[in-house]
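For reference, the structure discussed in these notes is given below.
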Amino acid sequence: RTYFHRFTLKSRKQVTHIVMDMNASYDVVMKEVFSNARLSIDRFHIIQQMTGAFNNQRIQTMEQLKKSDPQAQKDYRIKVTKRIAFGFRIFRHLRMRVLIQQNICEII
Numbered sequence: 008r009t010y011f012h013r014f015t016l017k018s019r020k021q022v023t024h025i026v027m028d029m030n031a032s033y034d035v036v037m038k039e040v041f042s043n044a045r046l047s048i049d050r051f052h053i054i055q056q057m058t059g060a061f062n063n064q065r066i067q068t069m070e071q072l073k074k075s076d077p078q079a080q081k082d083y084r085i086k087v088t089k090r091i092a093f094g095f096r097i098f099r100h101l102r103m104r105v106l107i108q109q110n111i112c113e114i115i
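Count the sequence shown with this note's numbering and you get residues 8 to 115, in order.
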């Protein structure tokens with residue numbers, strides 16, 4: 008807060024847009040210091056939150072499958088691993104692809 012107050016009020020009022028991370032304390036300070044600015048969350052943190060949410064849902068699904076049908080859980084794991092393995096299209100990742108496919112064979 009102190010850092011931003013060293014800029015003149017006129018300069019701070021000219022700021023129209025601020026991109027920041029998802030820290031709630033930044034939101035309060037930015038609204039106070041830059042009253043005319045629109046606040047946006049940067050893409051990285053949005054994607055990070057979405058990825059975390061998808062990952063949590065995936066883990067919950069795996070836990071449910073583990074309890075209800077162990078074979079379905081094994082099949083799901085193989086399917087996900089295959090998707091990851093076939094995602095490697097660049098030659099330098101070929102070794103990783105081969106290793107993942109070997110792991111699939113070991114699971115089966």
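The C-beta atom is built at its ideal place from N, Cα and C for all residues, glycine as well.
Pairwise C-alpha distance: residue j and residue i
i, j, result
"Ala-60", "Ala-44", "29 Å"
"Ile-25", "Asn-63", "30 Å"
"Lys-17", "Phe-11", "12 Å"
"Thr-68", "Thr-58", "15 Å"
"Leu-46", "Lys-20", "14 Å"
"Asp-28", "Lys-86", "34 Å"
"Gln-78", "Ser-32", "47 Å"
"Asp-82", "Gln-55", "27 Å"
"Thr-23", "Phe-51", "21 Å"
"Lys-74", "Arg-13", "59 Å"
Best match in the options for proximity to residue i [C-alpha to C-alpha]
i, options, result
"Asp-49", "Phe-14, Val-22, Pro-77 and Asp-34", "Asp-34"
"Asn-30", "Phe-41, Arg-19 and Ile-53", "Ile-53"
"Thr-9", "Thr-23, Gln-21, Met-37 and Met-27", "Met-37"
"Thr-15", "Phe-51, Phe-41 and Lys-81", "Phe-41"
- Item | Residue ranges of each beta strand (DSSP E) within the region 9-70, 3 or longer | 24-27 and 45-48
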